[in-house]
Amino acid sequence: MCWFAFSGLTHIILEGYFVFTPNFFTFSKPHLLAEVWKEYSKADSRYAGRDPTVVAVEGITAVLAGPGCLLAVYAIAAKSTYEHTLQVVISIAQLYGDIVYFATVVLAGVEICAPGPVYFWFYFMFMNGIWIVVPLLITIRSWKAINVAFASTKKKIA
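Start counting the sequence shown at 1; every next residue gets the next number (the UniProt record's numbering).
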């Protein structure tokens, strides 16, 4: 539940700011979220250049995955019948977004990071890698829970 709360707020607030504030890079007065994106742009120059693929992926994430994550928090807390289905759907969406995010760099063969290990290994690889590892683990766990539920239903029918 904590992951979905953290992830949902990150998607809505942080990524939503990037998507819906296209001129953040030109602000002369410091603004916390603008400064976060200016710093992160050193790790991925596609953000400074407003790369259409990045803006599209971030937009989908902010508008759909963010609220979906918060709905998952509710579903988990309420022990809803759809909690595991929703977790799988959101986690796969997050995995897909991250795969597109990484694949576009590999396929384009472009250098996007400022020199230094912090920008590449921490900002780019580690911070984005979290959105591969955690959703993958959640998908596996929820997939198993869904299969157990179906197996017990089949036993009751038989």
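Each residue gets a CB set at the ideal place from its N, CA and C atoms; glycine is no exception. None of these values were measured; they are calculated from a predicted model.
task: Select from T10, V105 and A103 the residue whose C-alpha is nearest the C-alpha of V68.
output: As a first step, residue 68 must be located in the sequence shown, where it is residue number 68. For the record, residue 68 in the displayed sequence is Gly; it is not Val. Of T10, V105 and A103, the residue nearest in Cα terms is T10.
query: How is A43 classed by DSSP in three states: helix, strand or coil?
result: Locating residue 43 in the sequence shown gives position 43, where the first residue counts as 1. Three-state DSSP puts A43 in coil, outside helix and strand.
- prompt: Taking buried to mean at least 16 other C-beta atoms within 10 Å of its own C-beta, is V133 buried or exposed?
  reply: To locate residue 133, count along the sequence shown from 1; it is residue 133. Exposed, since its Cβ has fewer than 16 Cβ neighbours within 10 Å.
query: Exposed or buried, L86, counting other C-beta atoms within 10 Å across all chains shown (16 or more means buried)?
result: Walking along the sequence shown from the start, residue 86 turns up at place 86. Buried: at least 16 other Cβ atoms inside 10 Å.
query: Given a threshold of 16 other Cβ atoms within 10 Å of its Cβ, counted over all protein chains shown, does A75 qualify as buried or as exposed?
result: Here residue 75 refers to the residue found at position 75 of the sequence shown. Buried: at least 16 other Cβ atoms inside 10 Å.
field: CA-to-CA distance, L64 to L70, given in whole angstroms
entry: Taking the sequence shown and counting its residues from 1, the one referred to as residue 70 is at position 70. Taking the sequence shown and counting its residues from 1, the one referred to as residue 64 is at position 64. Near 10 Å, if we compare the C-alpha coordinates of L64 and L70.
query: Is it right to say I13 is buried, meaning 16 or more other beta carbons lie within 10 angstroms of its own, or is it exposed?
result: In the sequence shown, residue 13 corresponds to position 13, counting from 1. Exposed, since its Cβ has fewer than 16 Cβ neighbours within 10 Å.
query: Under the three-state reduction of DSSP, which class applies to D51: helix, strand or coil?
result: In the sequence shown, the residue the question calls residue 51 occupies position 51. Correct three-state label for D51: coil.
- request: Taking 8 Å as the threshold, find out whether the region 112 to 124 comes into contact with the region 87 to 98 through three or more Cβ pairs.
  value: no
Candidates P30, K29 and S91, of which the one nearest M1 by Cα: In the sequence shown, residue 1 corresponds to position 1, counting from 1. Among P30, K29 and S91, the Cα nearest to that of M1 belongs to S91.
F24 and K42 closer than 9 Å at C-beta: In the sequence shown, residue 24 corresponds to position 24, counting from 1. In the sequence shown, residue 42 corresponds to position 42, counting from 1. No.
- prompt: Just the Cα atoms here: how many angstroms apart are S80 and A72?
  reply: Position 80 of the sequence shown, counted from the start, is the residue given in the question as residue 80. Position 72 of the sequence shown, counted from the start, is the residue given in the question as residue 72. About 9 Å.
message: Can you tell me whether T61 is buried or exposed? The criterion is at least 16 other CB atoms within 10 Å of its CB, across all chains shown.
response: Numbered from 1 along the sequence shown, position 61 holds the residue referred to as residue 61. Classification for T61: buried.
message: When you compare the CB positions of A5 and Y17, do they come within less than 9 Å of one another, or not?
response: Here residue 5 refers to the residue found at position 5 of the sequence shown. Here residue 17 refers to the residue found at position 17 of the sequence shown. No, the pair does not count as a contact, with Cβ atoms beyond the cut-off.
message: Need the endpoints of the alpha helix (DSSP H) that F102 sits in, please.
response: Numbered from 1 along the sequence shown, position 102 holds the residue referred to as residue 102. Where F102 is concerned, the enclosing alpha helix (DSSP H) stretches over E83 to A108.
- request: Count the other C-beta atoms from every protein chain shown that fall within 10 angstroms of the C-beta of S7, then say buried if there are 16 or more, exposed otherwise.
  value: Residue numbering aside, residue 7 sits at position 7 when the sequence shown is read from its first letter. Looking at its Cβ environment, which holds 16 or more other Cβ atoms inside 10 Å, S7 is buried.
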